[in-house]
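Have a look at the structure below, then the notes.
Number of protein chains: 2
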Amino acid sequence: MARRSDHSRDEIKEMALVAGEKIIEEEGYKALTARRVSSAIGYTVGSLYLVFSNLDDLRLQINTRTLDQLLSGLDEVMKRCNTPHDCIKALAREYLRFAQRNELRWLMVFEHKLPAGIETPAWYLNHIEKLFECIDQQFYSLGSVKAQTGSVRAARALWSGVHGICILASTGKLNVVSGETVESVVDTLVDNFLKGWAV
Amino acid sequence: MARRSDHSRDEIKEMALVAGEKIIEEEGYKALTARRVSSAIGYTVGSLYLVFSNLDDLRLQINTRTLDQLLSGLDEVMKRCNTPHDCIKALAREYLRFAQRNELRWLMVFEHKLPAGIETPAWYLNHIEKLFECIDQQFYSLGSVKAQTGSVRAARALWSGVHGICILASTGKLNVVSGETVESVVDTLVDNFLKGWAV
DNA sequence: ACCTGAACACCGTTCAAGT
DNA sequence: ACCTGAACACCGTTCAAGT
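Taken in sequence, the protein lines are chains A and B.
Numbering that gives the first Met the number 0 puts the first residue of the first sequence at 0, with every later residue one more than the last.
Numbering that gives the first Met the number 0 puts the first residue of the second sequence at 0, with every later residue one more than the last.
Written out as structure tokens, the structure reads:
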């Protein structure tokens, strides 16, 4: 045993991330254990710690990949829309669509908390910040009179709201009235907020 | 050893719930372990399983108590407000205030997920449902023309939105612009939404 | 240099055995 | 009847020892 060199460090890392993502999508956050991941890629537990500093590091890297996918989906949408109003609506729908299509992986991005005392790395928060900036931009384009002072705050408020609907829907707590779709709830929030904002 | 009878079943249960709540508030969700709780109340691990069916049962019961506190806070607010508009705004602020004052316990209510395959008990979902109903009621009182068809959907949309702001703020992901308060973000969401709804 | 596998200190949960 | 404490099958993480 030892000294196999079947795979490079980077290959092992990639394999572990992919295996981890699969485990999460199939069995959820809690099923992601060091032993499960390592055995899925044909290595022993110890090897994982050659490539990740600990399990939280692995989780954070998976979350970063999820965020990147989400962001590139939003970027695609932004290219294909016209007025800021339509754009915000389309972005909100894409956000929901992604959350629904990658439910367990998306949930992990927001559920994950580092142990008390250890701060979330700044680069990770910056990554999440980019989600908000997509919307900030659209509100800026709306070019309202109050653009200067309140548009960032408005963007945060609306986007957090969309996020809240997605979270409650994903965790089965939205209790939408029968016949209604989650999408219609998102539309309701966006439409009314933007109508109010335009006044 | 054995046969102490220092406390009744109900007393042990109550002690465990209180000890559990303290652990959560001080060290968060993950610090709540069977061994920690049992040693905090001066019993061995096994005893806990005489009183709770498992750890998830203990968690669910703690969450139920948290929800009850939150609901009674909202009820208090409802008594003291006048127009539906003011009432919705005051309820949203109270929701945020509770989330901020009981952060880790409040977070557990929404982060907790039972293992895959096991559904959240209906009585628990009904309890969460009551949160929404507070707002449904106010929207009904707004008595808009569209009251019949869309007011429940609107209530869900706005309340999920308020929830989203609270969640992102509690998990340090809201990134409010410096100088702004989370409360001002909540106000922005509520004010603009209601303004749009009134049009 | 790379990887193993055993070790350590933890988990949740169960249950025979003691009073 | 009530409670214990040891057991079992798991964790995350480390690290001496092998090739």
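Cβ atoms here follow ideal geometry from the backbone N, Cα and C, with glycine treated the same way.
None of these values were measured; they are calculated from a predicted model.
CB contact flag (residue i, residue j, <8 Å)
i: Arg8 of chain B; j: Val36 of chain B; result: no
i: Gly19 of chain B; j: Leu57 of chain B; result: yes
i: Thr63 of chain A; j: Asn101 of chain A; result: no
i: Lys194 of chain A; j: Val198 of chain B; result: yes
i: Cys165 of chain A; j: Met77 of chain A; result: no
i: Ile11 of chain A; j: Ile40 of chain A; result: yes
i: Tyr123 of chain B; j: Leu59 of chain B; result: yes
i: Leu47 of chain A; j: Ala33 of chain A; result: yes
i: Gly163 of chain B; j: Leu103 of chain B; result: no
i: Gly160 of chain B; j: Gly160 of chain A; result: yes
Buried versus exposed call for residue i [16 or more other C-beta atoms within 10 Å across all chains shown]
i: Lys88 of chain B; result: buried
i: Gly178 of chain A; result: exposed
i: Glu25 of chain B; result: exposed
i: Arg79 of chain B; result: exposed
i: Asn191 of chain B; result: buried
i: Ser150 of chain A; result: buried
i: Glu110 of chain A; result: buried
i: Arg152 of chain A; result: buried
i: Ala15 of chain B; result: buried
i: Ala98 of chain B; result: buried
Nearest-angstrom Cβ-Cβ length linking residue i and residue j, presumed shorter than 8 Å
i: Ser169 of chain B; j: Leu113 of chain B; result: Incorrect: roughly 22 Å between the Cβ atoms, too far for contact.
i: Leu167 of chain A; j: Pro83 of chain A; result: With a Cβ gap of about 26 Å, Leu167 of chain A and Pro83 of chain A do not count as contacting.
Checklist entry - Touching or not, the segment 171-189 of chain A and the segment 85-104 of chain A, by the rule of three or more beta carbon pairs under 8 Å? => result At 8 Å Cβ cutoff, the stretches touch.
Checklist entry - When the Cβ atoms of the segment 109-129 of chain A are set against those of the segment 150-158 of chain A, are three or more pairs found closer than 8 Å? => result In short, these stretches do not touch, since the Cβ pair count stays below three.
Next on the checklist: Below 8 Å, how does it come out for the segment 169-183 of chain B and the segment 112-121 of chain B: are there three or more Cβ pairs, yes or no?
Outcome noted: In short, these stretches do not touch, since the Cβ pair count stays below three.
Next on the checklist: Just to confirm the assignment: which complete alpha helix (DSSP H) runs, minimum length 4, are found wholly within the segment 69-122 of chain A?
Outcome noted: For the segment 69-122 of chain A, whole alpha helix (DSSP H) runs of length 4 or above, ordered along the chain, are 83-100 and 102-110.
Item to check | Length-filtered (3 minimum) beta strand (DSSP E) runs lying within the segment 11-62 of chain B | outcome: Annotation: the segment 11-62 of chain B contains no complete segment of the beta strand (DSSP E) (minimum length 3 residues).
Checklist entry - Curious, which full-length alpha helix (DSSP H) runs of at least 4 residues does the segment 153-197 of chain A contain? => result Counting whole runs of 4 or more residues, the segment 153-197 of chain A contains the alpha helix (DSSP H) stretches 181-197.
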